[in-house]
Structures are given as structure tokens and as C-alpha cells.
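Remarks on the structure that follows.
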Amino acid sequence: MTQKYNVETDQAKKLFIATVGGFFQMSDAEGFALKFMQEGSQIKTSEYTLVVNAYELSTVKQDLLDMLEQAFQMYMTLGFKNIYMVESKSAITSMQIRKIAEKTNFSGVLVKSMDDVK
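The numbers in UniProt numbering rise by one with no breaks, and the one at position 74 of the sequence shown is 74.
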């Protein structure tokens, strides 16, 4: 994945897919948040399932963990029908994701791959 993030809508499957990867910097996180909100404003969230695909995401630095926590909270407030978070292939990053999910009482489902999204 050369680009560190992408946001796309699969209208046929009613999926709103946010993909993040690589070693995120603060500027990447800010750009992702802006693109996410722009694309998200184009759909009726209650009809869509949000899929955050973090499979290619590298370990998140401490200063970005707060922003990641805010993102989890934001995902839960946007009114999506369902939320899936695809964990990273990195064990350390997956551990970070699980800790944030627990801390934020994440209402979505943590899965190992896109194949697990229903």
C-alpha cells in the first residue's frame, strides 16, 4: 500500500471502507480524518456498514494513540448500521487496537481479515 489511507464506498454491498496502512504520522491521521468525514457526508450512515481495515497498519506511536482513541469514539457516534475493525497483521499493532477498543467500549467487531466482514 503506497498511499497510507483510502476511503471508499461500495454501494452494492452497502459498505463504507476506510483503509489505513503503513507508519502513520500526525499529518496522515489528519488527512485521513478529513477524507473520512468528506466521504462519510455523502452517504446515509444508518444504511451502511463501516469497515476500518487496519491490516497493513504499522505500530502506532504514542502521540497518535490519543487520536486513534478519538477515531474509535467517532466511529461509534456516526450511526453506522454495523462497525468492523480489521486488526493489523502486526501483533503489536493489533494489541494496541484491542486496548483502545477496550478503553473506548468499542461497539464494533474486531476481525482478522476482510473475509470476516459480514
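Glycine included, each C-beta is placed from N, C-alpha and C at the ideal position.
Under three-state DSSP, which class holds E39?
On the sequence shown, position 39 is the one that residue 39 refers to. Helix at E39.
Sort Q25, V86, S41 by Cα distance to V117 and report the nearest one.
By one-based count along the sequence shown, residue 117 stands at place 117. With respect to the C-alpha of V117, the residue from Q25, V86, S41 having the closest C-alpha is V86.
Cβ pair L65, I100 closer than 8 Å:
Within the sequence shown, numbered from 1, the residue matching residue 65 stands at position 65. Within the sequence shown, numbered from 1, the residue matching residue 100 stands at position 100. Between L65 and I100, the CB-CB gap stays under 8 Å.
Which of the three DSSP states, helix, strand or coil, is assigned to A12?
In the sequence shown, counting from the first residue as 1, residue 12 sits at position 12. Coil, per DSSP.
My guess is that T45 and F80 are in contact by the Cβ rule of under 8 Å, so how many angstroms apart are they, rounded?
Translated into the one-based positions of the sequence shown, residue 45 becomes position 45. Translated into the one-based positions of the sequence shown, residue 80 becomes position 80. Going by Cβ atoms, the distance from T45 to F80 rounds to 5 Å, so yes, they are a contact pair.
Per-residue DSSP class, three states only, for T59:
Walking along the sequence shown from the start, residue 59 turns up at place 59. In the structure shown, T59 sits in coil (DSSP, three-state: anything other than H, G, I, E or B).
Closer than 8 Å is the cut-off here; do at least three beta carbon pairs connect the region 23–38 with the region 101–112?
Because the criterion of three Cβ pairs below 8 Å is not met, the region 23–38 and the region 101–112 do not touch.
Residue interval of the alpha helix (DSSP H) (run including M95):
Position 95 of the sequence shown, counted from the first residue, corresponds to residue 95. For M95, the enclosing alpha helix (DSSP H) has its first and last residue at 91–103.
Rounded to the nearest angstrom, how far is the Cβ of L50 from that of F16, given a contact under 8 Å?
Reading the sequence shown from its first residue, position 50 is the one you call residue 50. Reading the sequence shown from its first residue, position 16 is the one you call residue 16. Yes, they are in contact, since the Cβ atoms of L50 and F16 sit about 5 Å apart, within 8 Å.
Euclidean distance between Cα positions of Q96 and T59
The residue you call residue 96 lines up with position 96 of the sequence shown. The residue you call residue 59 lines up with position 59 of the sequence shown. Taking C-alpha positions only, Q96 is separated from T59 by approximately 8 Å.
Which residues mark the beginning and the end of the beta strand (DSSP E) in which L110 is found?
Stepping through the sequence shown from its first residue, residue 110 is reached at position 110. Here the beta strand (DSSP E) through L110 covers 109–111.
Please list the terminal residues of the continuous beta strand (DSSP E) segment that includes M85.
Your numbering for residue 85 matches position 85 in the sequence shown. Residues 82–86.
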